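Each remark here refers to the structure printed beneath this line.
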Ligand SMILES: NC(=O)c1ccc[n+]([C@@H]2O[C@H](COP(=O)([O-])OP(=O)(O)OC[C@H]3O[C@@H](n4cnc5c(N)ncnc54)[C@H](O)[C@@H]3O)[C@@H](O)[C@H]2O)c1
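In the working numbering, the protein residues as written are 15 to 269.
Quick look at the structure:
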């Protein structure tokens, strides 16, 4: 699909990579709708897109809430006329070891169920709900071609302190494969991207010495830029022979 023909819905478009994807798609002439939780971040993405050729509109919606996702898809579909691209980008993390024994007190600290549930809800249930509602509408309206892009992570192989996040991001790659199988008959392709360390607000908030330590695992020795991750989004949208696979885009990171 040419980017000028893309009518995209991007989740989590109020920050980091999601914002970058909205702006680069609009720059290329795509019609973009996005959602986020943060109203002021939504307004800022819309403002940044004002001078770009593609139209950009933002909605407040929580990807983990079934009713809100259904309403979002209805609103986005109506705003754009139809949708043919979904970028499942919204994500959070709540890092903690599964069980940790405090060296001084001997006290055991466990990964709280609430932190497990919160991450699974946004990072796995969210993409499932958005993909299901997007596919249902694409099939019903016989919109083809269409494509679903899922943001996974290098952490999907299992990264210390990220039981919840690694499980969600691995599950998303599994679903990328099986949705390719289930949906190709309707002209819907899928693709996942697994970034390593990317220069977004999540990492910008980290103390420099901790970031330096993380970068020792990256052969290219630097953070990825959101614009570099967009290159993979663009490839998945444009290449009609790509489906069901995950692109590792991580500077060669050793996990
Ligand atoms: N930054 C990295 O190094 C990195 C690496 C690998 C994968 N990722 C993944 O890439 C994606 C984007 O990451 P980022 O670094 O740009 O993050 P970010 O925190 O800058 O942006 C995420 C956006 O998602 C929104 N969001 C959170 N929960 C939501 C919900 N329930 N409903 C709707 N929107 C919600 C947030 O408000 C925020 O605007 C995430 O899925 C993340 O897991 C990031």
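Where is the CB? At the ideal position from N, CA and C, for every residue including glycine. Note that the structure is predicted; figures quoted are calculated from it, not measured.
- For residue 100, the secondary structure class from DSSP, reduced to helix, strand or coil, is strand.
- For residue 50, no alpha helix (DSSP H) run applies; the uninterrupted beta strand (DSSP E) run containing it begins and ends at 45-50, by DSSP.
- Put simply, the stretch 73-91 touches the stretch 135-144. At least three CB pairs are less than 8 Å apart.
- Fewer than three Cβ pairs drawn from the stretch 114-123 and the stretch 88-106 lie within less than 8 Å of each other, which leaves the two stretches out of contact.
- For residue 59, the uninterrupted alpha helix (DSSP H) segment begins and ends at 53-62.
- Within 10 angstroms of the beta-carbon of residue 128 lie fewer than 16 other beta-carbons, which makes it exposed.
- Under DSSP, the beta-bridge partners assigned to residue 115 are 122.
- The secondary-structure analysis by DSSP pairs residue 218 with nothing; it has no beta-bridge partner.
- Short note on residue 55: C-beta closer than 7 Å to some heavy atom of ligand 1.
- Secondary structure note for residue 74: its beta strand (DSSP E) is the uninterrupted segment 70-74.
- By a beta-carbon distance limit of 8 Å, residue 85 does not contact residue 59. Their separation comes to about 20 Å.
- Within the same chain, and ignoring the five residues on either side of residue 30 in sequence, the residues whose Cβ sits closer than 6 Å to its Cβ are 214, 215.
- DSSP, read as helix, strand or coil, puts residue 171 in helix.
- Residue 95 is classed as exposed because its beta carbon has fewer than 16 other beta carbons within 10 Å across all chains shown.
- In this model, residue 220 and residue 82 are separated by some 32 Å (Cα to Cα).
- In the DSSP assignment, residue 22 is bridged to 46, 99.
- For residue 233, same chain residues with a beta-carbon under 7 Å away, outside a window of 5 residues either side, are 265, 266 in chain order.
- Check the Cα spacing between residue 125 and each of 162, 87, 178: the tightest is with 178.
- If you draw a 10 Å sphere on the C-beta of residue 204, you find 16 or more other C-beta atoms in it, and that means buried.
- According to the DSSP assignment, residue 212 belongs to no beta strand (DSSP E), since it is labelled neither H nor E.
- Beta bridge pairing from DSSP links residue 201 with no other residue.
- The C-alpha of residue 131 lies about 25 Å from the C-alpha of residue 56.
- The shortest C-alpha to C-alpha distance from residue 90 to any of 246, 181, 170, 21 is the one to 21.
- Around the Cβ of residue 245, a 10 Å sphere holds fewer than 16 other Cβ atoms; the residue is exposed.
- Counting along the chain, residue 133 sits inside the alpha helix (DSSP H) bounded by residues 127-134.
- Residue environment analysis places residue 25 among the buried positions, since at least 16 neighbouring C-beta atoms fall within 10 angstroms of its C-beta.
- For residue 177, the CB stays at least 7 Å from every heavy atom of ligand 1.
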